[in-house]
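So the sequence shown is residues -22 to -1, 1 to 347, counted in mature numbering (1 follows the signal peptide of the UniProt record, and there is no 0).
Backbone N, C-alpha and C fix where the C-beta goes; we use that ideal spot for every residue, glycine too.
Written out below as structure tokens is the structure these notes cover.
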Amino acid sequence: MDNTSWLLSNLFKITFFETLHAKSTNSNPCSPKKSTGRRGGGDASSLSDCPCNAPKCSTNTVCDRGKTGAGVTGSRSENRETEKSSNYLAAGAINPGLLRHLHNAARYRLPQCFEGACVSVKQSSASNWIFGHSLSFSSVSPGGYKVLLSYLDKDKPTDLPYFVMEAAPGGQLSCEFRVGPTQATRATVVAQIANGKFDSFESIVDAYFNSFTASVIAVNREFIAIHYLQAITERLSLGAEVVGRGRAPELTATSAAARWAGEEHSVSATLGSRGLDLCYARVLRPHLTAAAMLEVGFAIRKAVATLAYEWRSDDWTVRASVDSDGLVGATLHRALGGRRAKLACAISALLNHPNDKFRLGFGVTAAIV
């Protein structure tokens, strides 16, 4: 009995993870440009989510540009939700989509590794509000209890407004609020509060037109980014990014972007003063997709190459990757079903060869319907 208690204690003393998906949002057979997977070539409506998915509320910000800083603003965001109301937007919502989603066809194959143990429960109320609870255990980062609250019109899921909030008893709070000022625009505000003060404040405005899209992204008082992406043909898109920094105008940067997407593969690249970001994705089988990525940072003189694959079915998804830094990661998401409570589990493993460290994660989610 003592050995069992010791094993359970060690299982739960692992680092907290943020999100859990019962299965991939791209779990059906698709290619970067087919109707079931057009998100790879643009920003089309997402495929149906499993009801077991935990409420999505990521603490990641659009400031993340990758390991070398070569990516465009927002291209590394962990939130994999795309614009769900593309049917009500201009054709540019599908082709070319948003610039920050340029590499989605490849980056969707990367495993979102986590470490730790977490139990999440979400429950739908009679109204449009959804309540969630999360309990995590960690010996590395702060764990504990979190409450999640989101608002979504059940009768018209693609309609706005959209709201999601995550709060912890210690005073940590993050929230996201999205509205549609006009039929062709979307405005999003993401705020994070720590110890009674704004830790991060981001505002994003997206505009959709028939053959191009434009975005303005502002983060705190640090910088503002302007995105533009134009569909030249059905397969070729070209765009650009300009980033201005208020406190350091000399660090203003520009980048050029291009993407070519066929029926079974997609090539996308951004090149600017910060570096080069190159991605390639190919559908090998209806259930198997492989991707290769290369990041080159000019300022830090560093390059990182990554290989990844996604193997999926209707009930489970496996993702794995290995990069030139010696990191090997894999995740397994499995929907367990259930009559009143839709259950799902996720297992993650991450091996750091240079530091000889191994991290394991396990999570369970229940959606009470």
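- prompt: Taking the alpha-carbon positions, what's the Arg213 to Phe276 distance?
  reply: Here residue 213 refers to the residue found at position 235 when the sequence shown is read from its first residue. Here residue 276 refers to the residue found at position 298 when the sequence shown is read from its first residue. For Arg213 and Phe276, the distance between alpha carbons rounds to 29 Å.
message: If you reduce the DSSP assignment to three classes, tell me which class residue 361 lands in.
response: Past the edges of the chain, shown from -22 to 347, lies residue 361, and the structure says nothing about it.
CA-to-CA distance, Pro147 to Glu61, given in whole angstroms: Translated into the one-based positions of the sequence shown, residue 61 becomes position 83. Translated into the one-based positions of the sequence shown, residue 147 becomes position 169. Because Glu61 sits at a pLDDT of 44, beneath the cut-off of 50, its placement in the model cannot be relied upon, and the following sentence gives the value as read from the coordinates. Those two C-alpha atoms are separated by around 31 Å.
- request: Can you say whether Arg199 is buried or exposed, counting buried as having 16 or more other CB atoms within 10 angstroms of its CB?
  value: Start at 1 with the first residue of the sequence shown, and residue 199 comes out as number 221. The residue in question, Arg199, is exposed, as its Cβ has fewer than 16 Cβ neighbours within 10 Å.
field: Exposed unless 16 or more other CB atoms sit within 10 angstroms - verdict on Tyr186
entry: On the sequence shown, residue 186 is found 208 positions in, with the first residue counted as 1. With a threshold of 16 other beta carbon atoms within 10 Å, Tyr186 meets it and is buried.
query: Which term fits Asn333, buried or exposed, when burial requires 16 or more other beta carbons within 10 angstroms of its beta carbon?
result: Here residue 333 refers to the residue found at position 355 of the sequence shown. Exposed.
- prompt: Going by beta carbon distance, what residues of the same chain come within less than 6 Å of Ile325, once the five residues before and after it are set aside?
  reply: To locate residue 325, count along the sequence shown from 1; it is residue 347. Cβ neighbours of Ile325 beyond the five flanking positions: Leu310 and Phe340.
field: Alpha-carbon to alpha-carbon, Ala286 and Ser233
entry: Numbered from its first residue, the sequence shown carries residue 233 at position 255. Numbered from its first residue, the sequence shown carries residue 286 at position 308. Answer to the nearest angstrom: the Cα atoms are 25 Å apart.
- prompt: Who does Cys91 pair with in a DSSP beta bridge?
  reply: As a first step, residue 91 must be located in the sequence shown, where it is residue number 113. In DSSP, Cys91 forms no bridge with anything.
- prompt: Are there three or more Cβ pairs, one per stretch, closer than 8 Å when the segment 294 to 314 is compared with the segment 83 to 93?
  reply: yes
field: Exposure of Ile346, with buried meaning 16 or more beta-carbon neighbours within 10 Å
entry: For the purposes of this step, residue 346 is taken as residue 368 along the sequence shown, with counting starting at 1. Exposed: under 16 other Cβ atoms inside 10 Å.
- request: Kindly list the residues whose CB is nearer than 6 Å to the CB of Leu328, restricted to its own chain and excluding five residues on each side of it in sequence; keep chain order.
  value: Taking the sequence shown and counting its residues from 1, one reaches residue 328 at position 350. Closer than 6 Å at the Cβ level, and outside the excluded window around Leu328, lie Cys91, Gly307 and Arg337.
message: Spatial neighbours of His243 within its chain, please: C-beta separation below 6 Å, excluding the five flanking residues on both sides.
response: Against the sequence shown, residue 243 aligns to sequence position 265. Beyond the five residues adjoining it in sequence on each side, His243 comes within less than 6 Å, by CB distance, of Arg260 in the same chain, given in chain order.
query: In its own chain, which residues sit with a C-beta less than 6 Å from the C-beta of Glu288, not counting the 5 before and 5 after it?
result: Position 310 of the sequence shown, counted from the first residue, corresponds to residue 288. These residues qualify, in order along the chain: Arg87, Thr267 and Arg297.
task: Please name the residue in Asp301, Thr230 and Asp177 whose C-alpha comes closest to that of Ala203.
output: As a working note, residue 203 is residue 225 in the sequence shown. The shortest Cα separation from Ala203 among Asp301, Thr230 and Asp177 belongs to Thr230.
query: Roughly how many angstroms lie between the CA atoms of Leu314 and Cys96, to the nearest whole one?
result: Against the sequence shown, residue 314 aligns to sequence position 336. Against the sequence shown, residue 96 aligns to sequence position 118. Each residue's alpha carbon lies about 16 Å from the other.
Minimum Cβ-Cβ distance from Leu127 to chain E less than 7 Å: Here there is only one protein chain, and chain E is not present.
message: So, with DSSP's three-state summary, where would you put Asn82?
response: Position 104 of the sequence shown, counted from the first residue, corresponds to residue 82. Residue state, collapsed to three classes: helix.
message: Taking the beta strand (DSSP E) that Leu272 belongs to, which residues open and close that run?
response: Against the sequence shown, residue 272 aligns to sequence position 294. For Leu272, the enclosing beta strand (DSSP E) covers residues Leu266 to Gly275.
field: Opposing strand residues paired with Asn330 [DSSP bridges]
entry: Indexing the sequence shown from 1 puts residue 330 at position 352. Its beta-bridge partners are Leu305 and Lys335.
C-alpha distance - Ala83 paired with Arg290, whole-angstrom precision: In the sequence shown, counting from the first residue as 1, residue 83 sits at position 105. In the sequence shown, counting from the first residue as 1, residue 290 sits at position 312. Ala83 and Arg290 have their C-alpha atoms spaced approximately 15 Å apart.
message: Give me, in chain order, the residues of the same chain whose beta-carbon lies closer than 6 Å to that of His331; leave out the 5 immediate sequence neighbours on both sides.
response: The sequence position of residue 331 within the sequence shown is 353, counting from 1. Only Gly304 meet the Cβ criterion.
task: Could you tell me the distance, in whole angstroms, from the CA atom of Val221 to the CA atom of Gly44?
output: By 1-based counting over the sequence shown, the position of residue 221 is 243. By 1-based counting over the sequence shown, the position of residue 44 is 66. So the two alpha carbons sit approximately 16 Å from each other.
query: Do you know whose CA, among Asp184, Val50, Glu154 and Lys175, lies nearest Gly70's CA?
result: Here residue 70 corresponds to residue number 92 of the sequence shown, with the count starting at 1. Nearest of Asp184, Val50, Glu154 and Lys175 to Gly70, Cα basis: Asp184.
message: Which residue marks the beginning of the beta strand (DSSP E) containing Leu67, and which one marks its end?
response: Working through the sequence shown from its first residue, we reach residue 67 at position 89. Taken as a continuous stretch (DSSP letters only), Leu67 belongs to no beta strand (DSSP E), as it is neither H nor E.
- prompt: Which two residues bound the contiguous beta strand (DSSP E) that contains Ile195?
  reply: Here residue 195 corresponds to residue number 217 of the sequence shown, with the count starting at 1. Looking at the DSSP string, the run of the beta strand (DSSP E) that includes Ile195 is Phe190 to Val197.
field: Three-state secondary structure assigned by DSSP to Arg77
entry: As a working mapping, residue 77 is identified with position 99 in the sequence shown. Before going further, note that residue 77 is Leu rather than Arg in the sequence given. Three-state result, Leu77: helix.
task: Can you check DSSP and say which residues form a bridge with Glu180?
output: Taking the sequence shown and counting its residues from 1, one reaches residue 180 at position 202. Paired residues: Val168 and Val197.
query: What does Val50 pair with, by DSSP beta-bridge criteria?
result: Residue 50 sits at position 72 when you count from the first residue of the sequence shown. Bridge partners of Val50: none, in fact.
task: Check Leu229 in the structure and name its three-state DSSP category.
output: In the sequence shown, the residue the question calls residue 229 occupies position 251. Residue state, collapsed to three classes: helix.
query: Is Glu219 helix, strand or coil by DSSP?
result: Here residue 219 refers to the residue found at position 241 of the sequence shown. Of the three classes helix, strand and coil, the one that applies to Glu219 here is strand, per DSSP.
field: Start-to-end residues for the beta strand (DSSP E) that takes in Lys124
entry: Mapped onto the sequence shown, residue 124 falls at position 146. Where Lys124 is concerned, the enclosing beta strand (DSSP E) stretches over Gly122 to Tyr129.
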